[in-house]
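Here's the structure we're looking at; comments come further down.
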Amino acid sequence: MGRNWAIAIGINRYENLRSLNFAKRDASVMATWFQQEARFEQVFLFTDDSPSIAVNPPIPTQPTFGHLRRFLRAQFENTLLKPEDNLWFFFAGHGNRYQDKDYLMFSDSDPGDIEHTAISVDYVTQRLRRSGADNVVLFLDACRDESSRSGLGIGEQRHQGVITFYSCTANQKSWEIEELQHGAFTYSLLEALRLQGEANCATVERLAQYLSYQVPAINTRYGKETQNPYWQAEPPYKMYFILLEQTATLRDVEPLKYQASQAENRGDLSLAKQLWVRVLAVSRGDWDAIEAIERIAVRQRGSFEPIISISEPETSSKGGRSVSSEQVEQPLLAQKQAEYEILQQIQQAEYGQKLLYYQEEFLKTIEAGISFDSYNSRQKLKKIQRTLKLRIAETVAIEAKFALLVEVIAIEARLASLAETIKSSIQQPIPTQPTQERITRQKFLKWAGLGSAGLVTAVVGREIFKGLLPISVAKPKYILSKEKVFGLPLWTVEFETVTVDEKGEVIKRYPNKQAKFFKENLGNGVTLEMVSIPSGSFKMGSPSGEKSRTSDESPQHDVNVPAFFMGRFEVTQEQYQKVMSKNPSNFKGKKRPVEQVSWNDAIEFCKKLSDKTGRKYRLPSEAEWEYACRAGTKTPFHFGETITTELANYNGDYIYASEPKGNKRGETIEVESFPPNGFGLYDMHGNVWEWCQDTRHDSYEKAPGNGSAWIDSNSYSRLLRGGSWSSNPSNCRSGSRFNGSRDNYYYYCGFRVVCTAGRIL
């Protein structure tokens, strides 16, 4: 288990800035939590009346510029911790920004001379990283003042090699709540750190999700302006780091194990070892981790150091006790026998893990909709079987166990084909009510020669794999019309979408929806499909009774939106590559949405795409985005009262209404993996957050009613909509709003484009 150190700083009294009420209390309570609840080995507290640090000479802990500068310089001059250790830094007070750098303001800091009287966050991170700990975490409840003279607040800067949690975005205030005797951010942070069981916030990712929801909710409850905490992890794999080993579950180590394997595969053995050690800190005896650490040792040193060593008996030439060969051999034989039994247990456990890996790869093939009998799939599975030295009989048994799912998929394909045949012959839609669907399926199965056993298989299969596969809808049909727009052919697509109830069950199907779109040719067969969105009006924002709504979603107001064209999908990696000649994405895949793109990057993409095509492309306004997402619906989601992981890619560990928990994929997936909305747009809920033109506003008071973007030239933040693969479902609602700094990029943020509507001829 790694060692844990913490630094907590809280400043109420300022000589040159407005004094605060609860910053000192925030730091003191955090220090108490570090010491008494989390059992940290070393905690340094800096407040107005905290005791000096007992070194020679003692370091005073009153939070002045000089005291903190001396402490950071002296304490972290030498390496004191190991890579597997953790170092937390908590600051509650004022922050400021000067010459594109974030600064922490101390009790004697001078706003007129920031460079010489305040400490940059860069300097803090540089000193903390000298400690040797690989997991350095900053909690900066430090935006408690009006914007700096530059018009920018703390939080615009990316700090390398650390995990940073900001209490709010630039130009927002970090509010103190009189009734709670705490800052809203720190109060929520303490709540999160104390959560236990499956709802814990033991990982960076889940802590960030909890804070992003809870802090705005607390501010709304106590009548404060919106405050949106956000976080950065550099490098990105640190989002999977486990912050609290004592509350983490085995589920929490799986993403970390994946990152460790990835690091090892690309040859970063030092990082891989650090990550595997972190896995062992939570999952002691994890054979994957033990095997990996041994394997890495072989690669690093060219020799194997066994876990169990045989101690040789000590002898002495002078006065030493002589030892007979029998006395040596018997204990050694017993020890070797014990070692052999342990080795057998290890090998059995390792073999079991290899079988599980094969099973996971087999399931991935099925879930991707690929026939496992295809040449490529079979070759891939054979290669895994040979590499892992698995017995053929056992891999066949695994495949047989899941053949049920294969049959379900085959049935679905036959049903769809038969449905199309019947529909075309009788020119009537097929009934979709549950009872009628069951009778129809019995007939279909009989016609297909599967009988009642096939029906049982289909029903059982659906229950087993519920949440893993998208809800089945009819395959889109494409028709090339004679109409044109911008001189390009206009296509018509017929598609099906669904509505679900609060349990996530389909209550209605819409099998004959249509949308028109044109294709923008980007070269080498890569196209951008732009769907025609009709003009109309809608109520923007969420109603007062909607679950999880926040104050910035009100007041609801009428908006009239002119017609426009919108990307059928989020911009994919192959599309971005064609236009920008690069692909910054963390989760690679040409049909996956591009991510790790800032708002500025998205604007540059639109400019280059416009230059390339001669048509005006841009980001959608927030009103256009919500209008297109809702597609005429008024429910929390365009799918209805909730969503499930059969309908969208989000964090299935969380629920919104009465639906069951679902699949947590932990990454982006290919576009067009789920049913579209009523306008024929895909992934409007989840997968990646989508940048909009607009700047951040605390409410819709005085918002334009004509669908145009609402832009404040003094604001640096930009709106994001739709939620992502890492979001809880409430943040994926049609009315949910999020924001980020325009030059920051995240692996959960992408975008889609719009084009002003042309005349259809």
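Residue 291 in UniProt numbering sits at position 291 of the sequence shown, and the numbers go up by one each step.
Ideal Cβ positions, reconstructed from N, Cα and C, are used throughout, including at glycine.
Going by DSSP in three states, residue i sits in which element: helix, strand or coil?
i, result
"Ser621", "coil"
"Pro636", "coil"
"Asn228", "coil"
"Asp286", "coil"
"Phe34", "helix"
"Lys519", "strand"
"Ala202", "coil"
"Asn135", "strand"
"Lys482", "strand"
"His182", "strand"
"Gly112", "helix"
"Arg592", "coil"
"Phe40", "coil"
"Tyr240", "helix"
"Val498", "strand"
"Thr125", "helix"
"Trp175", "coil"
"Pro729", "helix"
"Ala602", "helix"
"Lys702", "coil"
"Lys508", "strand"
"Asp694", "strand"
"Phe165", "strand"
"Glu233", "In the sequence as presented, Glu is not what sits at residue 233; that position holds Ala. Strand."
"Asn16", "coil"
"Trp710", "coil"
"residue 764", "This structure leaves residue 764 out entirely; the chain is present only between 1 and 761."
Looking only at its chain, what residues have a beta carbon closer than 6 Å to the beta carbon of residue i, apart from the 5 residues adjacent to it on each side?
i, result
"Ala657", "Glu502, Glu641, Thr642"
"Tyr745", "Gln596, Val597, Ser598"
"Leu80", "Ser131"
"residue 804", "Because the chain here runs from 1 to 761, residue 804 falls outside it and cannot be looked at."
"Val594", "Val571, Gln573, Tyr576, Ser585, Gly750"
"Leu195", "Cys201"
"Thr164", "Leu138, Gln232"
"Leu271", "Ala263"
"Leu388", "Lys354"
Residue i and residue j look like a contact to me (Cβ under 8 Å); what is the Cβ gap, rounded to whole Å?
i, j, result
"Tyr682", "Arg568", "6 Å"
"Glu553", "Gly541", "5 Å"
"Tyr240", "Leu250", "Going by Cβ atoms, the distance from Tyr240 to Leu250 rounds to 14 Å, so no, they are not a contact pair."
"Ala281", "Gly2", "6 Å"
"Asn728", "Asn651", "6 Å"
"Ala515", "Val498", "The pair is not a contact, with the Cβ atoms about 16 Å apart (cut-off 8 Å)."
"Gly632", "Gly678", "6 Å"
"Ile53", "Phe44", "6 Å"
"Leu488", "Lys513", "Incorrect: roughly 22 Å between the Cβ atoms, too far for contact."
"Val579", "Leu609", "5 Å"
Per DSSP, which residues does residue i bridge with? Please list them.
i, result
"Gly749", "The sequence given here places Cys at residue 749; Gly does not occur at that position. In DSSP, Cys749 forms a bridge with Trp689."
"Tyr576", "Looking at the DSSP assignment, Tyr576 forms no beta bridge with any residue, so it has no partner."
"Met566", "Val531, Val754"
"Ser537", "Asn560"
"Asp141", "Ala92"
"Phe738", "Leu720"
"Val526", "Gly523"
"Gly120", "Here the sequence assigns Ser to residue 120, which means Gly is not the residue at that position. Paired residues: Tyr103."
"Arg97", "Asp102"
"Gly10", "Ala92"
"Ile53", "Ile59"
"Thr492", "Ile479, Lys516"
"Asn583", "In DSSP, Asn583 forms no bridge with anything."
"Trp5", "Gln42, Leu87"
"Asn651", "Lys664"
Might you give, ordered along the chain, the residues of its own chain that have their beta carbon closer than 8 Å to the beta carbon of residue i, omitting 5 neighbours on each side?
i, result
"Arg592", "Thr572, Gln573, Ser585, Thr668, Ile669, Glu670, Val671"
"Ile398", "Leu355, Tyr358, Gln359, Phe362"
Residues in its own chain within less than 7 Å of residue i by CB, not counting five upstream and five downstream?
i, result
"Ile384", "Tyr358, Glu361"
Under 8 Å: do the segment 732–744 and the segment 185–202 share three or more Cβ pairs, one atom per stretch?
no
Just checking, does the segment 34–52 make contact with the segment 117–137 on the three C-beta pairs under 8 Å criterion?
no
Any 3 or more C-beta pairs closer than 8 Å across the segment 232–243 and the segment 555–573:
no
Is it a yes or a no for the segment 471–483 touching the segment 623–637, going by three-plus beta-carbon pairs under 8 Å?
no
Meets three-Cβ-pair contact criterion under 8 Å: the segment 608–624 and the segment 695–707
yes
Does the segment 110–119 come into contact with the segment 95–102, if we say contact requires no fewer than three beta-carbon pairs (one atom in each stretch) closer than 8 Å?
yes
Can at least three beta-carbon pairs, one atom from the segment 6–16 and one from the segment 24–31, be found at a separation below 8 Å?
yes
Would you call the segment 179–188 and the segment 212–232 touching, i.e. three or more CB-CB distances under 8 Å?
yes
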